[in-house]
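Undergrad:
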Amino acid sequence: FQAINWGESNGQTMLIRYKTLKGNIIAREVEPHDLFFARTTRRQVMATFDKKVGAPRSFIVMNILEYSFNGVKFAPKFIVI
2 FQAINWGESN GQTMLIRYKT LKGNIIAREV EPHDLFFART TRRQVMATFD
52 KKVGAPRSFI VMNILEYSFN GVKFAPKFIV I
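Positions in the sequence shown are counted from 1; adding 1 to them yields our numbering.
Here it is, written out as structure tokens:
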């Protein structure tokens, strides 16, 4: 959780490996924008800009299997309200 906060506050792009709800493993390059708790499940969710898709996406934090920082800076693209 601290790594996500660090990436957000320092504007660092993250590389993540993520397990989807269907059990598939995907790799994404994301720009972390915020952490919040889902209303229905109360799971912690990371709001990101997914560079592969080119749009905002959310990822359940507990489903992130691996992460790393590639040193690429980003400028925030949206604000989570």
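For every residue, glycine included, the Cβ atom is placed at its ideal position computed from N, Cα and C.
A quick note: this is a predicted structure, and the numbers were derived from the prediction, not measured.
1. For P33, count neighbouring C-beta atoms within 10 Å of its own C-beta (all shown protein chains included) and say buried if the count is 16 or more, exposed if not.
2. Nearest by alpha-carbon distance to T42: which of Y68, V62 and A28 is it?
3. For a quick check, are the C-beta atoms of F38 and P57 less than 8 Å apart?
4. Starting from N71, trace the beta strand (DSSP E) both ways and give me its first and last residue.
5. Ordered along the chain, which non-local residues of its own chain (more than five positions away) have a Cβ less than 6 Å from that of A48?
6. Considering only residues of the same chain and omitting the five flanking positions on each side of S69, which have a CB-CB separation below 6 Å?
TA: A quick look at the data gives this:
1. buried
2. V62
3. Not closer than 8 Å, so no.
4. Under the DSSP assignment, N71 falls in the beta strand (DSSP E) whose first and last residues are I65 to K74.
5. Only H34, D35, S59 and V81 meet the Cβ criterion.
6. In its chain, beyond the 5 residues on either side, L16 have a beta carbon closer than 6 Å to the beta carbon of S69.
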